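There are 2 protein chains.
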Amino acid sequence: MENDMGSKGRVTIREVAERAGVSTATASRALSGNHPVPPATRARVLRAARDLDYVANAHARALVGGGRKMAAVVVRQVTSPFYAQVAEGVEAEAADRGWLCVVGATGGDAQREMEFVQLMREEGARLVILVGGVVEDDAYRERVAHYAHALDSSGARLVLCGRPAPDPEIPALVVEFDNEAGARAITAHLLSAGHRGIVFLGGLPGNTALDARVAGYRAALAEHGLPPEAAHVVDCGLGRAAGHRAMTELLKSEREFTAVFAGDDMVAAGALRAIADTGLRVPGDISVVGYNDIPLAEDFNPPLTTVRTPAEELGRAAVRIALRDPEHAAGAHHLLGTHIVVRDSVGAPPPGRAL
Amino acid sequence: MENDMGSKGRVTIREVAERAGVSTATASRALSGNHPVPPATRARVLRAARDLDYVANAHARALVGGGRKMAAVVVRQVTSPFYAQVAEGVEAEAADRGWLCVVGATGGDAQREMEFVQLMREEGARLVILVGGVVEDDAYRERVAHYAHALDSSGARLVLCGRPAPDPEIPALVVEFDNEAGARAITAHLLSAGHRGIVFLGGLPGNTALDARVAGYRAALAEHGLPPEAAHVVDCGLGRAAGHRAMTELLKSEREFTAVFAGDDMVAAGALRAIADTGLRVPGDISVVGYNDIPLAEDFNPPLTTVRTPAEELGRAAVRIALRDPEHAAGAHHLLGTHIVVRDSVGAPPPGRAL
DNA sequence: TCCGGCTCTGAAAACCTTTACGCTGACGCT
DNA sequence: AGCGTCAGCGTAAAGGTTTTCAGAGCCGGA
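Which chain is which? The protein sequence lines are B and E, in order.
Just so you know, the first sequence maps onto residues 97 to 451 in our numbering.
Just so you know, the second sequence maps onto residues 97 to 451 in our numbering.
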C-alpha cells in the first residue's frame, strides 16, 4: 500500500518472491501455509506480499488445484422471503469455510436453470444447490438426472432442497422439511380449535412440497374421523396474487368452511387481504393459517399462525451435509423438522357457522 | 452424453480437437466463435464437443483473458426485502449480459466486508457493488478509499449504492435514491392530511441515507411554516425490533403527536405492532408512513402508505451505469427518483388530539 | 570419518485455454 | 508462368499458481 504500483497488471507471486529473495515455490508455500517454511523466511515473504499489496490469482490457483471452493445456490427468485433465507443460510455456512457463494435466479424457467448449471460447471463449482419445489414431470426428471451425472463426473456435488430426486440411484442428495408432518400438525391445531370445514388453498399438483402438505392435511382430517369429502383443496398455486384471487373466488362460492390452510405464507397474505376486502374478520369469522413463517408473518393482519420451517437452517444443512459425507451422501435423504407457531389468526369457529 | 466418459478428469479442448481432427487452436476458435472458421470444420468441432459433453474451463479462460465477467454485490443481509430486491436487480442485469453474479452478506461487519472485497479481488471480479447506508466515520472513509484504489488498480469498478463516496476524487461511482426528495414528499402528504405533530422514527446519525430523509422531513416542515421545534427525531436505528421498541417508548412518553414517519418499512412494521399492542388504531388514532415500499407493505395492518424506491431498478442501474461509461464514470453521482404510494395508514388527525 | 536422514529450497512440470505468428496451398491477376 | 493475397490451420507462447522431484546443506549417530 505504501508504494502503490502504478503499473497496470496485477502483482504476481514472482514479484513477491523476487522482493523476498526466494523462489516462487517458497513464496507460494509461505503464503498458502500449505507446506512448512522457516519462520524467518515466511516473515520475509509475508512482508513483501503486504508491501506490494499482493493478491493471489484465484484462477491460476483453481486451474492447478482442479476446482475451487465455490458453492452455487439456485432459486426461483431472491426476493421471495423463504428463498432468501435459504440462500442466506448457504452463504453463511459457505463463508464460514472460506467458500464463495454465488446465487442464480431462474424465475422458474427451466432453460435458465440449465444455463446456470452449465455455467457452474464451467466455473468449477464444487457444490450446486437447487432449491424450491417443482412439478415433477419427465422433463424435470431428465434434466436433474443430467445435472447429477454431469456434476458428479467432474467431482461436484448436487443437493436438492425441497425437490425430489428423480431416482434414488442418482448421485444427488436431498434435504428438505417434513412437509407432511408439518401440515398434519397445523391441521390438527385447527381441528382442535373446533374447525371442521377447512379448505386448503394453494395446491399445485405435481409439486412435491405442496403435495406432501396436502397429504398431511388429508391425513389429519382422517385421523379425526372426518370423511374424505371433508377435504377441499383449491389448486391455485403459490404467491400472494394467487392467494388473493383464489380466496376471493372461494368467498363467492357456495362452499361452507370456517378455516383456511394456506399453502404458504404468501398465499395466506393474499387470502387475508381478500377476506378483509369483503369485510369479514380474522379470526372472528374465518381462521387462517400459513406455512413457512416468513419474517413478516407476525406483522400480518392479524399476526399469522403458521408452521415454522427454519429456512436458513435448511440452507446451512444442505452445505454441511453435502460436505460432511463426500462419498457416502449420494442418494441420501434428509428430513428436517418443523413446528407450529401460534399467533392470532386462529380462533373458534363462529357459532352460527360451525358445521 | 451418449458416451459418458467414466474417467475422472474433465474433458479438455485437446480431446475435442483430437476427435474433430483439428488442432486445439481451431477447436478454440470454433467453440468461442471468436474468430471465423469454415462452417464444415466448425460443425465437426461442435459435434465433437457435444459428444464428449465438453465444458470449457472458465479459469483457464479467465487466466489468459485477464479477468472475467463477474459482478459482486455485497449487502448487510440477503433476507432484508430491500436488499434482496437490489440484489435481484443486479443479478438480472448481470445475467442479461452473461455475467456471473456473486453475493456476499456482511451482517454489518466491516471486517467481513473487507474480507469479501479482498476475495473479489482474488477472484478477478470486474464490478463490485456495495449497497446499503452506513455511518460515515473515518474508518469507513479509509476503508472505501482503499477498496476504490485497489479495485481500480486491477481494472475493476466500484459502485456505492446508497452510501457516500468518501471523496469526490475517488474512483468510485455513486448510485442512490433521492432520499431527501422522497422524505419531503411523504412528509408533505402527512401535512396536507392535517397532521402537525409528526415524529420521525428511525434516525441513525451518520447514516447518510437516514440523514437525508431526516433533512427532507425537516425541510417539509419548514416549508409549511412550522417552527424547527415541530420536528422530533427518534434515533432508534433500523429494523423491526428497533421500531417496536422505540414506538412503545414513544407512546409512554409525554410527546404529543398524531403521525409517525418511520425510517423504513421494517421500522413501520414494528411501530404498527406496538401501536396495536396498546389498543390504538391506525389511522384512526395515529397515522403511520414508511419508506421503501417492500413487497409485503400492502399486507401490513393496515396497508402501509410509503415511499416507493424501486430497489430492483437501483440494482440494475448500478451495473448498467458502471458498464456504460467505463472511463468517465469515476466520481459520478446518480440520483434515482421515488414516488409515494398511498394506502390506508394515513388519515385525518383525531379531532381531540389535533394540535 | 562416513553415511543416513532430515530440512530447506529451487527448477520445472502441470493445469487449460487463447492468441500471435507463421506456414501452406489455392486462387486470381498480370 | 509468376507473383501477391488470403483463407485456413497448426505451433508455441503466455497467463499465475501449486506441487513434485531432486539437490544441497547440515546434524547426529555409528
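Cβ atoms here follow ideal geometry from the backbone N, Cα and C, with glycine treated the same way.
Bear in mind that the values here come from a model prediction, so they are computed numbers and not experimental data.
Item: Residue-level contact to chain E via CB, L297(B), 9 Å cutoff; Value: no
Item: Which of helix, strand or coil DSSP assigns to L223(E); Value: strand
Item: Cβ distance (whole Å) where G411(B) is taken to contact N303(B) below 8 Å; Value: Rounded, the Cβ-Cβ distance is 20 Å, inconsistent with contact.
Item: Neighbourhood of R140(B) by C-beta distance below 6 Å, restricted to the same chain and skipping five residues each side; Value: A116
Item: Short CB-CB distance (under 9 Å) between P399(E) and chain B; Value: yes
Item: Contact between the segment 398-412 of chain E and the segment 171-189 of chain E (3+ Cβ pairs under 8 Å); Value: yes
Item: Element boundaries [alpha helix (DSSP H), containing E409(B)]; Value: 407-420
Item: Simplified DSSP state of S249(E), which is helix, strand or coil; Value: helix
Item: Per-residue DSSP class, three states only, for H320(E); Value: coil
Item: Three-state secondary structure assigned by DSSP to M97(B); Value: A caution first: M97(B) carries a pLDDT of 37, below 50, which makes its placement in the model unreliable, though a value can still be read off. Of the three classes helix, strand and coil, the one that applies to M97(B) here is coil, per DSSP.
Item: Reference L256(E); option with closest CA among V385(E), S249(E), P267(E), A246(E); Value: P267(E)
Item: CB-CB length for F452(B) against I282(B), believed under 8 Å; Value: No answer is possible for residue 452(B): the residues shown for chain B start at 97 and end at 451.
Item: Contacting residues, own chain, Cβ-Cβ under 6 Å from S441(B) (five flanking each side not counted); Value: V378, P379, V384, P398, L400, T401
Item: Burial state of L376(B), where buried means 16 or more other Cβ atoms lie within 10 Å; Value: exposed
Item: Contacting residues, own chain, Cβ-Cβ under 7 Å from L368(B) (five flanking each side not counted); Value: V378, V384, F396, N397
Item: Neighbourhood of E238(B) by C-beta, 6 Å cutoff - its chain only, sequence neighbours within 5 removed; Value: none
Item: Rounded straight-line distance, which links the Cα of Y387(E) to that of L287(E); Value: 17 Å
Item: Buried or exposed by the 16-neighbour rule on C-beta atoms within 10 Å, applied to N130(B); Value: exposed
Item: Spatial neighbours of A311(E) in its chain, beta-carbon cut-off 7 Å, leaving aside the 5 residues before and after; Value: E276
Item: Bridge partner(s) assigned by DSSP for S383(E); Value: A355(E)
Item: Close Cβ partners of G102(E) (< 7 Å) along its chain, the five nearest in sequence each way excluded; Value: At G102(E), the pLDDT of 37 sits below 50, so the modelled position is not reliable; the number obtained from the coordinates is stated separately. If we look at G102(E) and ignore the five residues flanking it on each side, it has no Cβ neighbours.
Item: Where H131(B) falls: helix, strand or coil (DSSP); Value: coil
Item: Length of the line joining the Cα atoms of V107(B) and S249(E); Value: 10 Å
Item: Contacting positions in the segment 245-269 of chain E - beta carbon closer than 8 Å to chain B; Value: H245, A246, S249, S250, G251
Item: Beta-carbon spacing of V231(B), P301(B) below 9 Å; Value: yes
Item: Nearest residue (CA-CA) to A183(E), options H320(E), L226(E), G204(E), V329(E); Value: L226(E)
Item: Cβ-Cβ distance between H430(B) and A413(B) below 9 Å; Value: yes
Item: Nearest neighbour of V240(E), chosen from A261(E), R253(E), P135(E) [CA to CA]; Value: A261(E)
Item: Proximal residues, the segment 378-396 of chain E versus chain B, C-beta separation under 9 Å; Value: I390, P391, L392, E394, D395, F396
Item: Closer than 9 Å to chain E by CB, A144(B); Value: no
Item: Whole runs of the beta strand (DSSP E) within the segment 163-239 of chain B, excluding any shorter than 3 residues; Value: 166-171, 196-201, 223-227
Item: Residue from A158(B), R172(B), A206(B) with nearest C-alpha to L196(B); Value: A158(B)
Item: Within-9 Å CB hit, G220(E) to chain B; Value: yes
Item: DSSP three-state assignment for S103(B), whether helix, strand or coil; Value: Reliability fails at S103(B), whose pLDDT of 43 lies under 50, so the model's placement of it is uncertain and the value that follows must be treated cautiously. Three-state result, S103(B): coil.
Item: CB of E219(E) within 9 Å of CB of A154(B), strictly; Value: yes
Item: C-beta neighbour in chain E for E184(B), strict 9 Å; Value: yes
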